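Taking it in order: structure first as structure tokens, then the write-up.
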Amino acid sequence: MLLEPAAYPEFGVLDAAVARRDWAGCRAALDAASPSGRTVLLQAAAESPDLEEWLRRLLQADPWDSTAAALLGMHLTKVGWRIRSSATAEHVSADQFRQFREWLRRAEAVLIDAAARAPHDPAVWAARLTTARGLQVDLAEIRRRHDRMVAADPHHLPGQRQYLQSLCPKWYGSWPQAHAFAHEAMTAAPPGAPQGSLVAEAHIEQWLDLGGEYKRAATAHLVGARDSLHDAANRSIWHPAFRRDPGWVSAASAFAMVFAQAGDQQSAARVFAMLGPLASRWPWSYYDEHDELVVIRRYRRRSASALTGGGR
Amino acid sequence: MITQSELDGVPVLLSPAPGLMRAGLVFRVGFADEPLARHGITHLLEHLALYPLGLSDHHVNGTTGVEHTSFHMQGPPDDVARFLAGVCASLQDLPMHRLDVEKELLRTEANGRGDGALDAMPLWRHGARDYGVSSYPEFGLPAITADELRAWAARYFTRDNAVLWIAGDRVPAGLRLPLPAGRREPLPTPSNTLPVTPAFFRGAPGVVAWNATVPRNPASQVFSDLLEREMFRALRQEAGLSYTAGSSYREFGADTAMVVAVADALPEKQEAVFGGLVDVLTTLQVGRIDQADLAIVVRQRGETLWNADQQGTRVAGEAAALLAGRRVRQVEDEIAEIMAVTVGDVTAVAGKAQDSGLLMTPRGVDARWAGFQPAPDRSEKMILGTAHAAHSDPDVHLITGEDGVTLADGDDHQTVRFDACSIVQAWPDGGRLFVGHDGIMVRVEPTLFRDGHDAVAFLDARIPPGLRVDQPARRPDQIPAPQSGRPRPEPPPTRAEKREARRIRAGYVLAVIFGLGIVSRILRFTGNRYGEDVQFAVLIVLLVGGVVIAGSLIRARRRRVA
Chain D
1 MLLEPAAYPE FGVLDAAVAR RDWAGCRAAL DAASPSGRTV LLQAAAESPD LEEWLRRLLQ
61 ADPWDSTAAA LLGMHLTKVG WRIRSSATAE HVSADQFRQF REWLRRAEAV LIDAAARAPH
121 DPAVWAARLT TARGLQVDLA EIRRRHDRMV AADPHHLPGQ RQYLQSLCPK WYGSWPQAHA
181 FAHEAMTAAP PGAPQGSLVA EAHIEQWLDL GGEYKRAATA HLVGARDSLH DAANRSIWHP
241 AFRRDPGWVS AASAFAMVFA QAGDQQSAAR VFAMLGPLAS RWPWSYYDEH DELVVIRRYR
301 RRSASALTGG GR
Chain W
1 MITQSELDGV PVLLSPAPGL MRAGLVFRVG FADEPLARHG ITHLLEHLAL YPLGLSDHHV
61 NGTTGVEHTS FHMQGPPDDV ARFLAGVCAS LQDLPMHRLD VEKELLRTEA NGRGDGALDA
121 MPLWRHGARD YGVSSYPEFG LPAITADELR AWAARYFTRD NAVLWIAGDR VPAGLRLPLP
181 AGRREPLPTP SNTLPVTPAF FRGAPGVVAW NATVPRNPAS QVFSDLLERE MFRALRQEAG
241 LSYTAGSSYR EFGADTAMVV AVADALPEKQ EAVFGGLVDV LTTLQVGRID QADLAIVVRQ
301 RGETLWNADQ QGTRVAGEAA ALLAGRRVRQ VEDEIAEIMA VTVGDVTAVA GKAQDSGLLM
361 TPRGVDARWA GFQPAPDRSE KMILGTAHAA HSDPDVHLIT GEDGVTLADG DDHQTVRFDA
421 CSIVQAWPDG GRLFVGHDGI MVRVEPTLFR DGHDAVAFLD ARIPPGLRVD QPARRPDQIP
481 APQSGRPRPE PPPTRAEKRE ARRIRAGYVL AVIFGLGIVS RILRFTGNRY GEDVQFAVLI
541 VLLVGGVVIA GSLIRARRRR VA
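As you go down the protein sequences, you meet chains D and W in turn. Residue numbering for the first sequence follows UniProt numbering, starting at 1 and increasing by one per position. Residue numbering for the second sequence follows UniProt numbering, starting at 1 and increasing by one per position.
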């Protein structure tokens, strides 16, 4: 199985250019992508270790390069988040929190500068939607950042996913707010756009909140959402105009998961078939299993055997 | 064209203007020259000086500001001459029999000056001295004596510390300005209490305000205009977050100016207003400035200057410049300097502004994410001496020593040193309020601490001369009573809760103080120019509303904490 981001051929090119610190090569790979694809690639590249010194040198030479600034901002954010870990707040030490905030403030400083220089670069605003949560900026400011991102790119899936997180009750919102946003973003986007996956993502978050895989209520929630999930899939991943832009594997995986979990094995199998050997850790990382690949294989098998009428 | 001459040793600036003659006799003295323990002395003196002139048929007024005090009048030249001569005479023979009445009037008319919601900003930047004094009510009034007023007049109200401006066609025939000789008083050097900038503090609700010290030059003026334009565009037109969003440029000190930006915000939008302001400031700082926008604000400022010059309203500013030791400029020169400002000049100013910024955020907005550090609201050091435990809380101590007084709650303390103390307010019941040069306050309530009255007696014996200002007796219900020995119905509050409660109490005191200041401004401003009045009224409505909301919020939260 080929996991995101390696699932995207563009990422291989970018990753190699990052590894040899070839900024012209990076820019060539990034500039060729769609705005959303570019942000997804930047987020993936930001995972590479020890980028700060190189990127700061680049920015010193050209402070107006918002691609470098977005990458640096995302990189510093990832470093901070790694220190905080994904544990719930009560399991994070005071020192971890202090360091986490320090990294995020440094990221934010880079991004504030970049947003001032390149207000029309949606990657910068998408990055600022992530820092906003870590810095505990309130929903009004998060909404302002989202509005600025929309002004730069009206259908910017990677940033919309960040915004959706903020609208969930675990951050600042509520389920009605989260679902309403997902639905609006989907209907506002052109046919075949990936925004339908936001509808699936909102349901996944609620499923997790309801207790996830072990809770009947959580499964019942997804079963109840089946019609709207089908509608969303028809508008996005199953639409003929759907493009396999960087980020599409997560979008499709969201549908594979909700269909499989809701017992709609036929639809799940259809999505798995579409994905072929490609996969993403998210949303399978929400299962109580150390290795997401184990979960993915399990659900793939289950949907395939349901179709062929095989056992278990 | 402004022409300069001299009369009885006083420089005179004459600017041609249509309509009735206007004139202003300006002295280089204001709040920034007053020690806090005598804050109000200039204003009181201005009132006393005008009293003998009685009621006039014409518009007569006096104003006391941060750096200047002026007496002005509009009317026929003969009346102007009579008025000015009368002011000069009165300044040397103040009607001291009016002293108590005028103090009472000022107490009613009251206290604060400045811009209402922005009142607190000078104190957070400068502390309780020089340019910070204008943050406070006129705390010195009860202590001011007739002799002190005479000495103040003799020092500041002299012909060498005055300029007369006239907007009209001539210097009135027979005008005399009989003033004693003295010396030109230099502008005070602004104190600074901010260890790091950019800094922030939590202020009035519903308002995000920011100020910065910038060089006094045309580029800074243009920066302020561009900031206003960008704020209006980003916060009001595009995001719909603020109704009022603007910036102003004010000169202060010998060679500095202050840019002040203010935006109002609904409670649920205030962090977005702050975020939007940060983006606007950074946009200017990185130099992403549209040449067309620059051209527009330059043209507008040029037009404003030209019109002011034609109407004779620019000359008062030139009088202030002359008092600060600068030369008088003609409008053409000033406009030419504005026209010469480039994007690069503005960007340089924006960078300096960013570095020196002081931000006032509404409660609940933590500005650290944008690189602002909290302005200190407690002391680093404590006084060594005798500790008096609070009756209600063994963690809280009043510490009195040879060097001053500390109110301590664990690691959290407020200290005022005697050698850095601006005022001590003293009530007959023993209550004392110490305010340090840095603006930190220590309230000593003898009823709340073990051997509290001994502590007060110890402190009283060590208050440096000139700082104690005795207050009228408080009503019994205004004197805090120690908590009785009743058992607590709830577990004791945590340290964080106590700190929050104390912060809220301090906030409440300030809200009340500044609230009074605002009300007094409404009363005081009733006789002013129309345009300013309307603007001011809008601001007042906004701010009074804000203070009321603050009060209720604070009450609500106190209930939760208690």
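Yeah, the Cβ is synthetic: ideal placement off N, Cα and C, and Gly gets one too. If you're wondering where the values come from, they're calculated on a predicted model, not measured in any experiment.
Check                                                                                                                        : Outcome
Between the CA atoms of D:Ser250 and D:Tyr299 - distance to the nearest angstrom                                             : 16 Å
Short-range partners of chain W found in the region 86 to 115 of chain D, where Cβ spacing is below 7 Å                      : Arg105, Glu108, Ala109, Ile112, Asp113 and Ala115
Length-filtered (4 minimum) alpha helix (DSSP H) runs lying within the region 163 to 215 of chain W                          : none
Residues of the region 368 to 402 of chain W with Cβ closer than 8 Å to any Cβ of chain D, in chain order                    : Arg368, Trp369, Ala370 and Gly371
Per-residue burial, W:Gln478 [other beta carbons within 10 Å of its own, 16 or more giving buried]                           : exposed
CB-CB length for W:Ser422 against W:Gly431, believed under 8 Å                                                               : Between W:Gly431 and W:Ser422 the Cβ distance is about 18 Å, and since that is not below 8 Å, they are no contact.
Exposure label - D:Pro240; buried when at least 16 CB within 10 Å                                                            : exposed
The region 243 to 271 of chain W: positions lying closer than 8 Å to chain D by Cβ                                           : Glu268, Lys269, Gln270 and Glu271
Selection from W:Gln311, W:Glu337 and W:Ala367 that minimises the alpha carbon distance to W:Ala17                           : W:Gln311
Coil, strand or helix - D:Met186 by DSSP                                                                                     : helix
Cutoff 8 Å: D:Val137 Cβ touching any chain W Cβ                                                                              : yes
Selection of the region 49 to 83 of chain W by Cβ proximity to chain D, strictly under 9 Å                                   : none
Reference W:Ala89, options W:Leu179, W:Arg155 and W:Gln373, closest by Cα                                                    : W:Leu179
Exposure label - D:Phe97; buried when at least 16 CB within 10 Å                                                             : exposed
Coil, strand or helix - residue 375 of chain D by DSSP                                                                       : Residue 375 of chain D falls outside the range modelled here, since chain D spans only 1 to 312, and no answer is possible.
Span separating the alpha-carbon of D:Met1 from that of D:Glu184                                                             : 34 Å
Per DSSP, the bridge partner or partners of W:Ser248                                                                         : W:Val260
Nearest neighbour of W:Tyr131, chosen from W:Ala32, W:Glu251, W:Arg299 and W:Ala350 [CA to CA]                               : W:Ala32
Within-8 Å CB hit, D:Asp153 to chain W                                                                                       : no
Where D:Phe242 sits in the DSSP three-state scheme                                                                           : coil
Proximity test, Cβ basis, 8 Å: D:Asp147 and chain W                                                                          : yes
Contacting positions in the region 190 to 216 of chain D - beta carbon closer than 7 Å to chain W                            : none
Which listed residue (D:Asp264, D:Met257 and D:Gly263) has its alpha carbon closest to that of D:Ile296                      : D:Met257
Short CB-CB distance (under 8 Å) between W:Thr283 and chain D                                                                : yes
CB contact flag (W:Val388, W:Gly452, <8 Å)                                                                                   : Sequence inspection shows His at residue 388 of chain W; the Val mentioned does not correspond to that position. Yes, they are a contact pair.
D:Ala140 versus W:Arg462, W:Thr313 and W:Pro267, residue with shortest Cα-Cα distance                                        : W:Pro267
Segment contact flag, the region 402 to 410 of chain W with the region 138 to 157 of chain D, C-beta cutoff 8 Å, min 3 pairs : no
Chain D contacts from the region 217 to 244 of chain W (Cβ-Cβ distance under 9 Å)                                            : Glu238, Ala239 and Leu241
Which listed residue (W:Phe449, W:Ala375 and W:Glu402) has its alpha carbon closest to that of W:Arg125                      : W:Ala375
Close Cβ partners of W:Gly203 (< 6 Å) along its chain, the five nearest in sequence each way excluded                        : Ala120 and Met360
W:Val286 in three-state terms, based on DSSP                                                                                 : coil
Coarse secondary structure for W:Pro52, derived from DSSP in three states                                                    : helix
Cutoff 8 Å: D:Arg144 Cβ touching any chain W Cβ                                                                              : yes
Given W:Thr282 as reference, the closest of D:Asp245, D:Gly12, D:Leu111 and D:Val223 once Cα atoms are compared              : D:Leu111
Buried/exposed call for W:Pro464, threshold 16 Cβ in 10 Å                                                                    : exposed
Length at least 4, wholly inside the region 338 to 390 of chain W: the alpha helix (DSSP H) runs in chain order              : 343 to 355
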